[in-house]
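Going down the list, the sequences are from chains A, B and C. Take -6 as the starting number for the first sequence in my numbering and just add one per residue. Take 839 as the starting number for the second sequence in my numbering and just add one per residue. Take 156 as the starting number for the third sequence in my numbering and just add one per residue. Note that beta-carbon positions come from the ideal geometry of N, C-alpha and C, so glycine has one too. Remember, predicted model here, so these are calculated numbers, not experimental data.
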Amino acid sequence: MDSVRPRRRGLVPALFLAALLLYAAWPWLPFSREVATPPTIVFYGFSILADVCQEGIFPAFQKMWAAEGHGPVEFVSSFGGSGTVTNQVILGVPAQVVLLSLESDAERLADAGTIARDSWKRLPQGGVVNLTPFVILVRPGNPLGIRDFSDLTRPGVRIVHPDPMTSGGANWAIVAEYGSGARATPGGPAAGEAMLAGVWTNVVAQAPSARAARTQFENGFGDALITYEQEAVYDRGRGRLDADVAYPQRTILSEHTLVVVDRNIRPRERKLIERFVQYLWSDEAQRIFVKFGFRSATESLNAANPAFGRIFDPFRIADFGGWREARREIVDRIWKQRVMKQDAGR
Amino acid sequence: MSATALKAARRRGGRAALPVGIVLLVLLPLILMPLAAIFVFAFRGGAADFVKVLASPEAQFSLRFSLLIAFATAAINAVLGTFTAYVLSRYRFRGERPLGILVNLPVAIPTVVVGTSLLLLWGPIGLLGRLLEPLGIQPMFAPAGVLLAHLFVTFPYMLGAVKPVLDEIEGTYEEAAYTIGANRWQTFRWVILPALRGGLFSGVLLTFAHSLGEFGATVLVSGNLRLRTQTAPLYIFAQFEAGNVAAANAVAAVLATLSFFIFFFLLRYTVRRGR
Amino acid sequence: MSITLDNVTKRYADQVTVDRVSLEVETGELFVLLGASGSGKSTILRLIAGLVLPDEGVIRLAGRDVTHLAPQKRDVGFVFQNYSIFRHMTVARNIEFGLRIRGVAKAERRERREELLDLVGLGGLGNRYESQLSGGQQQRVALARALAYRPGVLLLDEPFGALDVKIRAQLRQSLKEIQKALGVTTILVTHDQEEAFELGHRIGVVDRGRLLEVDAPDRLYESPRSLYVATFLGAGTVLVGRCRDHRVALGPLTLPIPADVPHDEGDRVRVLIRPEQVALSASEPPRDAPTLGRGQIVEQTFSGAVRRTRVRLPSLTGVRQVSPPLPFGEENVLLDVAVSAHSEPPRENPWVVLEAWHVLRQPTPRLLVCDEGAGLAPALELARFLAEAIDGVVTVLGVAADARRQDALRDALAARAAEAGLPEATVRVRRGDPAEQIAAEQREAPYDFVIVGAGEMESRWGRRQAPRLLGEDLVGRIATPLILARGRPRKPERVLICTAVGEPGKADIRAGGWLARRLGAEATLLHAARPGRKPQPIVQSHLERGVATLRELEVPSRFAVREAESPIEAILAELQEHPHDIVVVGAPPPPPRGFLRGEHVTRQVLRQCGCSVLVVPQGSW
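In structure tokens form, the structure reads like this:
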């Protein structure tokens, strides 16, 4: 039987746990370095913004804010699918500035009473911080010869697509697919719907966000991915793009809408937030966006990035009567009611 | 042990090759290889890369934050779970059975549901949160919220580890201490607690390990704020989402190693205690 | 340190576990509480230790009132049945625990511990854990632990219960020596009478929460006062004979009744005969020897020192056997005899000679009367006749709806009892639902009969149900014979025993017969048969045995078989033709909870018979 003293047995795990605790608590211990608490900006953004914000925009703004004589500022940020971010903001995360991938998410925030209706429209460019067209990513060398959305309707092409229920990018992609059919000659709503239906027949995977769809594609799943040009351009710039980009003849320029959540801003932070919002449209910030693969609303700045491909007929959401209309007509009525029903019926 | 018994034991050992082989064969793709994959991908960029990725403030923060939350969860649940187990085991009252079932439910409820219900209760627009907000108290999207979620999710593990041990201690055990002259506290400290030590220890380690790995509820209630409320699993997920598989796997490897040690101690302790 | 209990009562959820126990244990005494399992003896011990608090009464240790004192402050040592050795402590630490709690210095602790280990014979085992000890060693550790801090009182709860016979004997001996050496006041609880006899300076016998008798072992064995003690302690046959001229007649034999046993001419007197007090002889004994005649050997069992022999005695007029119970239908006395194994096995028809015997005191039958308003008068009236007949005492119970009316009700009941010729009746008042409170009262202080009136009571469930008889609510709730008093009060002369109800009951025949005998009434045994169907042989033989039982009780009786569609019709027809004063029916045993449902015959009889009804629950008699 165990004549071992009972105390000894727990010694090693106890030491182990104590060491862990010491490590975990180190930064907060009184004798470790003092952490000053500078003013913070709580920024929520949709998924593809993570790198440009953390590596480009935030440091640049911090430098500028300091240069203007205000001292340090800290960013607290969170990035996820645009729909997820919207839900979090509605549920009350302390987000102060939110960059959404589509305006209809901003409208949802307004509907929930989180922000004032149309408040983003009073910002520069109607709240649109930057743009990026939707393109098709294909496997290196483009083995299937995919050039346009019409090629995606061919049988046997396997498409990875983000889920329109949670992803803003997916909504853009749907409008892009529809528009490329509708704006062709001969076009019209019927051609748009046919294109949409054709593409969705070949969708083999739906990821919760544009970023997750990209990860799936990178892991070798599917033949084609409909995604933001920004991702492709940015990754190619870093030598990390393991795919070819196909520029469709006609595609949509997605517009990314900024909202300011006033109820999460304390009066003393007001000036800082306003300065930051204003900064986002400055030439300096816009150049950073272009550098990271986003297209600026100021067309002249876009020349700075040679990686941008040429699009014969870029269109905007306004061409379909704005997001409210487009969502009702294209996403809800055509995609959800007809295309998905057909799909399910098959 | 007699000679024949020894022989029999060895023979049993010899025959074990087949079942052990089958188990390994099944476990290899199911558990062992995925575990190995974590480490393979973590070190794909070399050890230097691994260290660099781990040294990033965000990775460091998420690990430390996760550990602190795990410590706090384990400590609070040790007290709370022991007390609850004591009450459930020692007192007979109306509704005791339903309560005993209810406190075990968090195990069966999807953690996402836990997160949602916590938000709906404590969130700024939640039932209780609405009342707290004017007071400037906002438990959700803050470390307190993460702690709440973890307490909820891991509570049954503590209870499950302690209560059976308590149930096994007959009531006269305490009464013996009382008649000898020990007051309630002395009885608990010197008679009950030492007898509970094994259960308490495994409960704490289980709670700790579960807290380290908790994702579903945390992602909802934390607000996933970098350097504020991002736990290690959230960091891993965020990095994975962003395509930084190396960073994700580096932290995952650390978590896996920690868990290994925790369960190693757990097993060693409980097996040694086994009669 | 002396121990005094004064009228201590403990209830658990309406169940009385310890009932008005008074006890005095002197300093240095080794007192044994003996009782069957569930008798409440352990609870008495726990009350003394303070592990359980009494509902009523006072407990004193060395004259100090400790009734509400915490166990920690009572200075008692307690050895539990399961020992409850602290598993994570060594034997040494277990023993020292009480001293550590008291802040005794280490050196002193060690010295005391070694002293105790030697005392209980466990020297050198101080470093062991519980799991490394045998059962007997564990028991010794528990004893040493309880003695370590020199408590004034040592309490042992079945300390040898879990051990095998050999070790038990050893430990008993050493406990006896230790107790004597230390002189600590000790109470030991056991169900083992041998243990009680060997250890106890005095023994208290506990039954259903009551401390029946306290005395030295030999006196308790030789001259118990109550039937329970007589039969619980040791074997023996209890016979009832009639008192004639200050002697009790057992057939041809008459035995003197001691002066301290109150008796009247014609009383039934119980005589306890221990097996070793009987001699069986092959030759005719001398004339003056107390002889019960020539018996017939029914059974013999060899059990070491003695040969247990059961002898059927010749028919003894006016003698009834109370214990052990006779097989149903047996009319003669079966006497248990212990014959020395050395002597010759007795012959087939030996002479049975008494060498010694003991005359028991009579228990006083207890009657509980309860009703409200109009129902009370006949109930009190009947109670008076019964009390006279059975020489019983009457308690009148009132149930008040609320506390304010309690006192007024008590006065009113006392007045009415006096009016009805029962001035000595005890009046008790409880609060709540009548049926529930009667059942509770019955549980707390068992009565032999419960008498209620036939007044109807309002249903607890409001007006939707027909009003119910209080009696109806009680059937199925109490396990005591219940009498529903109804009709003109007069001394009952004819008793109708209905065996028609369900299984042919034995209890109803016995209870009805007993009552008839006490009342000097005659009995009719009624069986209801379906028209045109012959009674089954088993019914026939049951009726015959029933009549034999009644004859045995000396009740003039006859039996009647009536053809009717249903038992109630047969009963009503019989009553129509031959009026009776009391109808006796059986009742199913009370269900664990709930009431009699549906139109059970018992209920029909209660509602429809015009006379009083005695309901005998199965197994109550």
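Taking 8 Å as the upper bound for CB-CB distance, Ala303/C and Tyr238/C are not in contact here, some 15 Å apart.
Classified as buried, Thr1067/B has 16 or more neighbouring CB atoms from the shown chains inside 10 Å of its CB. By the CB criterion at 7 Å, Pro647/C and Ala609/C fall outside the cutoff. Not flagged as an interface residue toward chain C: Tyr924/B, since no C-beta distance is shorter than 7 Å. The beta carbon of Glu1006/B sits no closer than 7 Å to any beta carbon of chain C.
Following the DSSP letters along the chain, one finds Asn162/C in no alpha helix (DSSP H) but inside the beta strand (DSSP E) bounded by residues 158 to 167. At a C-beta separation below 9 Å, Tyr995/B has no neighbours in chain C, since its nearest C-beta there lies roughly 23 Å away.
Taking 7 Å as the cut-off, the beta carbon of Gly162/A is found no closer than this to the beta carbon of Gly174/A. If the five residues before and after Ala678/C are omitted, its C-beta is found closer than 7 Å to the C-beta atoms of Val650, Ile652, Gly667, Gly668, Ala671, Leu705, Val710, Ser712, all from its own chain and listed in chain order.
Under the Cβ distance rule, Arg320/A does not count among the residues neighbouring chain B, no pair being separated by less than 7 Å. Taking a cut-off of 8 Å on C-beta distances, the segment 126 to 145 of chain A touches the segment 232 to 244 of chain A, as three or more cross pairs fall below it.
When the alpha-carbon of Glu1079/B is set against those of Gln223/A, Leu234/A, Pro201/A, Leu246/A, the nearest one is in Pro201/A. Neighbours of Pro962/B in chain A, taken as residues whose beta carbon is under 7 Å from its own, are Gly85 in chain order.
With a threshold of 16 other beta carbon atoms within 10 Å, Phe1039/B meets it and is buried.
By the neighbour-count definition (other C-beta atoms within 10 Å, threshold 16), Asn282/C is an exposed residue. Sequence-distant partners of Ala225/A (beyond 5 residues in either direction) whose C-beta falls short of 8 Å from its own C-beta, in its chain, are Val128, Leu130, Leu234, Ala236, Val238, Gly286. In this structure, the alpha-carbon of Ile914/B lies about 8 Å from that of Leu989/B. Residue-level contact by beta carbon holds for Ile1018/B and chain C, with a gap shorter than 7 Å. Taken through DSSP and simplified to helix, strand or coil, Thr1069/B comes out as coil.
In terms of beta-carbon proximity, Gly1061/B lines the interface with chain A, with at least one pair separated by less than 7 Å. Looking at Pro469/C, Leu489/C, Leu515/C, Arg467/C, the one whose alpha-carbon comes closest to that of Ala414/C is Leu515/C. Neighbours of Arg1064/B in chain A, taken as residues whose beta carbon is under 7 Å from its own, are Val69, Ser70, Ser71 in chain order.
Secondary structure of Ser192/C (DSSP, three-state): coil. Using a Cβ distance threshold of 7 Å, Leu965/B and Leu959/B count as a contacting pair. DSSP, reduced to helix, strand and coil, places Tyr16/A within a helical segment of the structure shown.
Membership of Asp566/C in the alpha helix (DSSP H) is indicated by the continuous run 561 to 574. Within the same chain, Thr164, Gly364, Arg598, Glu599 come within 7 Å of Val171/C by CB-CB distance, once the 5 residues on both sides are set aside. Relative to the Cα of Gly191/A, the nearest Cα in the group Arg176/A, Ala169/A, Arg147/A belongs to Arg147/A. Under the three-state reduction of DSSP output, Gly162/A falls in the helix class. Taking all protein chains in view, the Cβ of Pro1071/B is crowded by 16 or more other Cβ atoms within 10 Å, so the residue is classified as buried. Tyr995/B carries a helical assignment under DSSP once its states are collapsed to helix, strand and coil. Contact residues of the segment 176 to 206 of chain A toward chain B are Ser202, Arg204, Ala205 (C-beta to C-beta distance below 8 Å).
Per DSSP, the beta bridge partners of Ser70/A are Phe36/A. Under the Cβ criterion of 7 Å, Tyr1107/B is not counted among the residues facing chain C. The residues Thr340, Thr341, His356, Arg357, in chain order, have a CB closer than 8 Å to that of Glu184/C in the same chain once the five nearest residues on each side in sequence are set aside. A distance below 7 Å between beta-carbons, with the five flanking residues on each side excluded, links Val384/C to the following residues of its chain, in chain order: Val360, Leu367, Glu368, Leu375.
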